[in-house]
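Student: Residue 16 is where the sequence shown starts when you use my numbering, and the numbers rise one by one after that. Quick reminder that beta carbons are idealized off the backbone N, C-alpha and C, glycines included. Bear in mind the structure is a predicted one, so any value in this text is a computation, not a measurement. Pasting in a structure now, in structure tokens, and then I'll have a few things to ask.
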Amino acid sequence: MTLLDEKTAQTTTAVVELDADSQHASPADEEKSKWARLREGVNWYIPGTTAREKKLLLKLDLSILLFGCLSTFSKTLDNNSLTNAYVSGMKEDLGLGGNDLNYLQAVYYASYLSFMIPASFALTRLPIQRILPTMEVLWGACTFGCAWCQNLTQLYVCRFFLGGCETVAFTGLIYIIGSWYRRGEIGVRFSLYTIASPLGGMISGYLQTATYTNLNGTHGLEGWRWLFVVCFCITVPCAAIGFVFFPNSPEYTKPSWWLTQDDIDLTMERLRSEKIQQISKQKVNYRRLAKKCLLDWHWYFFVFAWCLYDQNQYFSGTPFSLYLKANSDRYSVANINNYPTVVKAISIFVTLLGGYYSDKTLDRYTPCLITAVLTLIGAIILCVFDVSEGARIFAFFVAGAANSMNNFQMTWASDVTKDDPEVRSLITASMNCIGQVFLAWVPILTFPSNKAPRFKKGFTFSVITAALHVVTVTAIFLLERRDRAVRGSGTCAAR
């Protein structure tokens with residue numbers, strides 16, 4: 016085990032509780048039907064929250080969530096800008112071709128994964144409230160550098176450093192969210208944080224359209240270069256908000272003009288009431304942890320399901336843009352940038368709807384199954400390919416549901432392993448890390464850029480992974496139900 020594992024165990028333990036532990040139903044709630052709970056509505060504050068706590072939560076939401084959502088939004092915006100720029104003139108201006116776009120994305124992921132351990136060292140030794148905004152500034156600088164690249168090598172350099180700048184973003188934000196909020200307050204806020212990613216991808220297309228239309232040729236710069244400049248201008252204010260408002264963990268935060276000592280004391284009282292601090296700081300038993308994960312089904316199935324999710328959500332992104340680009344005689348530059356935003360909109364809608372259903376009913380299986388089936392339908396249509404143009408576009412659109420799977424599966428994993436914080440920490444960390452490893456290189460083989468618009472190998476691969484995803488989530492559901500039955504019969508026998 017590395018320091019990364021220990022840090023992840025500390026950070027994820029506090030966060031991936033989500034709403035699992037907080038949603039243990041009372042006897043009265045257990046008598047309610049699933050649909051009765053669905054009709055109860057959405058509450059921002061959990062029952063019993065005092066006026067003093069609501070004031071504190073408002074401050075935290077305006078600082079932590081504002082910076083966290085803007086940071087995620089800007090990073091997704093900048094990442095999507097590469098594909099948008101590629102299909103809006105960068106390919107021709109820089110003489111790109113073949114699998115260059117895939118390699119640029121692979122360099123980013125390689126850097127992102129390589130710097131994870133050094134990033135964990137930084138998070139344990141330096142103040143988080145300074146690290147995250149500083150990395151945001153460096154991220155913006157690298158994005159700005161993309162606007163001035165004159166060849167593929169320079170783009171590789173910028174993408175490499177962009178990947179390094181993002182390594183602390185997710186871990187740091189998750190750690191801070193889990194450090195300040197009670198368990199019953201984390202779920203809805205984590206959902207908002209998750210929504211910021213597809214929203215950034217959605218806005219990216221519209222931003223590229225507006226930039227290309229209004230700024231192409233201004234001051235001698237092509238429209239795709241202006242897109243990176245505009246993204247830089249969005250990122251810098253986000254970093255400024257972080258420097259002013261983003262806090263450290265409660266025990267290391269000093270009083271300020273907006274967060275008083277009384278606020279910090281109240282936070283510590285709230286966390287102690289749920290023993291969150293004790294849980295997040297407990298020492299990890301590595302031998303027991305390794306044995307538990309290797310001998311049980313949870314690690315294997317949830318990590319495999321996450322790897323399938325990473326592959327399934329890919330083909331409705333970059334391959335869709337390349338498909339439109341390859342049919343430029345039919346689609347304008349505006350359409351090439353705007354059509355993929357529909358995929359992001361569908362992802363946001365499914366995430367909100369599925370998240371609400373899942374939180375209210377505690378049914379994690381149904382949202383995962385539906386999104387996997389929708390992805391399978393889209394993959395089958397594209398694999399057949401000899402259908403109408405409308406059917407192909409529909410297939411790309413409906414596959415956007417796969418983008419919402421990350422929230423559903425991460426919540427499900429934390430639910431199933433909620434009784435063992437160490438196992439839960441390792442499983443959720445492994446899901447993200449291993450999934451990203453495969454996402455870094457598999458698309459190079461399955462969706463090479465020069466095979467657009469008909470990615471025969473890629474669409475066939477997507478049918479297989481989507482079908483496996485349906486089987487895997489069903490297997491998780493059956494295994495979870497079996498475990499509950501065993502625990503229930505064990506309880507009855509004890510009685």
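1. How is the alpha helix (DSSP H) around His313 delimited, first residue to last?
2. According to the Cβ coordinates, are Asn99 and Ile459 closer than 7 Å?
3. Consult DSSP for Ile279 and reduce its assignment to one of helix, strand or coil.
4. Any idea if Ser288 is buried or exposed, counting beta-carbon neighbours within 10 angstroms, 16 or more meaning buried?
5. Quick check on Ile61: does DSSP put it in helix, strand or coil?
6. Within the chosen definition, does the segment 445 to 452 reach the segment 363 to 377 through at least 3 CB pairs nearer than 8 Å?
7. Under a Cβ-count criterion, where at least 16 other Cβ atoms within 10 Å of its own Cβ denotes burial, should Gly232 be classed as buried or exposed?
8. The alpha helix (DSSP H) spanning Arg240 covers which residue range?
9. What is the DSSP secondary structure of Trp163, reduced to helix, strand or coil?
10. Alpha carbon to alpha carbon, how far is Cys322 from Asp277?
11. Secondary structure at Thr432, three-state DSSP: helix, strand or coil?
12. Give, in chain order, every unbroken run of the alpha helix (DSSP H) that is at least 4 residues long and sits entirely within the segment 361 to 404.
13. Any chance the CB of Gln169 is under 6 Å from a heavy atom of the ligand SAH?
14. If you follow the alpha helix (DSSP H) that Gly83 is part of, which residue opens it and which one closes it?
15. If we call anything under 7 Å between Cβ atoms a contact, is Pro213 one with Ser336?
16. Tell me which residues share the same chain as Thr333 and place their Cβ nearer than 6 Å to its Cβ, disregarding the 5 neighbours each side in the sequence.
17. Taking the Cβ atom as the reference point for each residue, do Phe411 and Ser331 lie within a distance shorter than 7 Å?
18. If I measure Cβ to Cβ from Asp211 and keep anything under 6 Å in the same chain, skipping five residues before and after, which residues do I get?
19. Let me make sure I understand the geometry here. Which of Val478, Cys248, Leu80 has the alpha-carbon closest to that of Thr158?
20. State the Cα-Cα distance for the pair Val488 and Asn422, rounded to the nearest angstrom.
21. Please check the pair Phe82 and Phe260, which I expect to be a contact at CB under 8 Å, by giving their CB distance rounded to whole angstroms.
22. Which two residues bound the contiguous alpha helix (DSSP H) that contains Glu68?
23. So, with DSSP's three-state summary, where would you put Glu32?
24. For Leu147, which option in Cys253, Gly110, Ile218, Leu75 has the closest C-alpha, if you only look at C-alpha atoms?
25. How would you call Asn465, buried or exposed, if buried means at least 16 neighbouring beta carbons within 10 angstroms?
26. Out of curiosity, what's the CA-to-CA distance linking Thr475 and Phe316?
27. Measure the Cβ-Cβ separation of Arg379 and Asp344 and say whether it is below 7 Å.
28. Please work out which residues of its chain come closer than 8 Å, Cβ to Cβ, to Tyr208, disregarding the five sequence neighbours upstream and downstream, and give them in chain order.
29. Quick check on this structure: which residue in Thr228, Cys173, Gln120, Arg285 has the alpha carbon closest to the alpha carbon of Lys69?
30. How far does the alpha helix (DSSP H) with Asp115 in it reach, from first residue to last?
31. Which of the three DSSP states, helix, strand or coil, is assigned to Thr209?
32. Taking the alpha-carbon of Thr390 as reference, which of Ile479, Leu230, Lys340, Thr64 has the nearest alpha-carbon?
33. With Asp108 as the anchor, note down where its alpha helix (DSSP H) starts and where it stops.
34. If we count the other Cβ atoms within 10 Å of its Cβ and call it buried at 16 or more, is Pro382 buried or exposed?
35. What's the gap between the Cα of Val365 and the Cα of Val485?
36. Which same chain residues, not among the five before or five after Arg502, have their C-beta less than 8 Å away from its C-beta?
Tutor: With the structure as the only source:
1. For this step, residue 313 is matched to residue 298 along the sequence shown. Here the alpha helix (DSSP H) through His313 covers 313 to 327.
2. Residue mapping note: residue 99 aligns to position 84 of the sequence shown, counting from 1. Residue mapping note: residue 459 aligns to position 444 of the sequence shown, counting from 1. No. Outside cutoff.
3. Counting from 1 along the sequence shown, the entry for residue 279 is found at position 264. Judged by DSSP in its simplified three-state form, Ile279 adopts helix.
4. On the sequence shown, position 273 is the one that residue 288 refers to. By the neighbour-count criterion, in which 16 or more other beta carbons inside 10 Å mark a residue as buried, Ser288 falls on the exposed side.
5. Reading the sequence shown from its first residue, position 46 is the one you call residue 61. In the structure shown, Ile61 sits in coil (DSSP, three-state: anything other than H, G, I, E or B).
6. Flag = no, the segment 445 to 452 and the segment 363 to 377 do not touch.
7. In the sequence shown, counting from the first residue as 1, residue 232 sits at position 217. Counting Cβ neighbours within 10 Å, Gly232 comes out exposed, since fewer than 16 surround it.
8. Your numbering for residue 240 matches position 225 in the sequence shown. Segment 238 to 260, the alpha helix (DSSP H) holding Arg240.
9. Taking the first residue of the sequence shown as 1, we reach residue 163 at position 148. Assignment of Trp163 by DSSP, reduced to helix, strand and coil, places it in the coil class.
10. For this step, residue 322 is matched to residue 307 along the sequence shown. For this step, residue 277 is matched to residue 262 along the sequence shown. Cys322 and Asp277 have their C-alpha atoms some 44 Å from each other.
11. Walking along the sequence shown from the start, residue 432 turns up at place 417. In this structure, DSSP gives Thr432 a state outside helix and strand, which the three-state scheme calls coil.
12. Runs found: 380 to 399.
13. Here there are no bound small molecules, and the ligand SAH is not part of this structure.
14. Taking the sequence shown and counting its residues from 1, the one referred to as residue 83 is at position 68. 81 to 100 is the span of the alpha helix (DSSP H), which, as asked, contains Gly83.
15. Residue numbering aside, residue 213 sits at position 198 when the sequence shown is read from its first letter. Residue numbering aside, residue 336 sits at position 321 when the sequence shown is read from its first letter. Not a contact, by the Cβ cut-off of 7 Å.
16. Residue numbering aside, residue 333 sits at position 318 when the sequence shown is read from its first letter. Contacts found: Thr98.
17. Within the sequence shown, numbered from 1, the residue matching residue 411 stands at position 396. Within the sequence shown, numbered from 1, the residue matching residue 331 stands at position 316. With respect to the 7 Å criterion, Phe411 and Ser331 are classified as neighbours on the basis of their beta carbons.
18. Residue mapping note: residue 211 aligns to position 196 of the sequence shown, counting from 1. Position check: residue 211 holds Ala in this sequence, whereas Asp was assumed. Setting aside the 5 residues that flank it on each side, Ala211 is surrounded in the same chain by Cys84, Thr87, Phe88, each with a C-beta closer than 6 Å to its C-beta; the list follows chain order.
19. Your numbering for residue 158 matches position 143 in the sequence shown. It is Cys248.
20. Position 473 of the sequence shown, counted from the first residue, corresponds to residue 488. Position 407 of the sequence shown, counted from the first residue, corresponds to residue 422. In this structure, the straight-line span from the alpha carbon of Val488 to that of Asn422 is close to 14 Å.
21. Locating residue 82 in the sequence shown gives position 67, where the first residue counts as 1. Locating residue 260 in the sequence shown gives position 245, where the first residue counts as 1. The Cβ separation is near 6 Å, so the contact holds.
22. Within the sequence shown, the letter at position 53 stands for residue 68. Note, Glu68: alpha helix (DSSP H), 66 to 75.
23. Working through the sequence shown from its first residue, we reach residue 32 at position 17. For Glu32, the pLDDT reaches just 40, beneath the cut-off of 50, and the residue's location in the model is therefore unreliable, leaving the point undetermined.
24. As a position in the sequence shown, residue 147 is number 132, starting the count at 1. Selected option, being the one with the closest Cα: Cys253.
25. Counting from 1 along the sequence shown, the entry for residue 465 is found at position 450. Asn465 comes out exposed.
26. Locating residue 475 in the sequence shown gives position 460, counting from the first residue. Locating residue 316 in the sequence shown gives position 301, counting from the first residue. Approximately 23 Å between the Cα atoms of the pair.
27. Translated into positions along the sequence shown, residue 379 becomes position 364. Translated into positions along the sequence shown, residue 344 becomes position 329. It is not a contact, given that the beta carbons lie outside the stated cut-off.
28. Position 193 of the sequence shown holds residue 208. The beta carbon of Tyr208 sits closer than 8 Å to those of Leu80, Gly83, Cys84, Thr87, Leu188, Ile192, all from its chain and outside the five residues before and after it, given in chain order.
29. Your numbering for residue 69 matches position 54 in the sequence shown. For Lys69, the nearest C-alpha among the options comes from Arg285.
30. Reading the sequence shown from its first residue, position 100 is the one you call residue 115. 115 to 129 is the span of the alpha helix (DSSP H), which, as asked, contains Asp115.
31. Residue mapping note: residue 209 aligns to position 194 of the sequence shown, counting from 1. If DSSP states are grouped into helix, strand and coil, Thr209 belongs with the helices.
32. Within the sequence shown, residue 390 is the residue found at index 375, counting from 1. Of Ile479, Leu230, Lys340, Thr64, the residue nearest in Cα terms is Ile479.
33. Indexing the sequence shown from 1 puts residue 108 at position 93. Where Asp108 is concerned, the enclosing alpha helix (DSSP H) stretches over 106 to 109.
34. Taking the sequence shown and counting its residues from 1, the one referred to as residue 382 is at position 367. It counts as buried.
35. Here residue 365 refers to the residue found at position 350 of the sequence shown. Here residue 485 refers to the residue found at position 470 of the sequence shown. Distance between the alpha carbons of Val365 and Val485: 17 Å.
36. Working through the sequence shown from its first residue, we reach residue 502 at position 487. Setting aside the 5 residues that flank it on each side, Arg502 has no residue in the same chain whose C-beta is closer than 8 Å to its C-beta.
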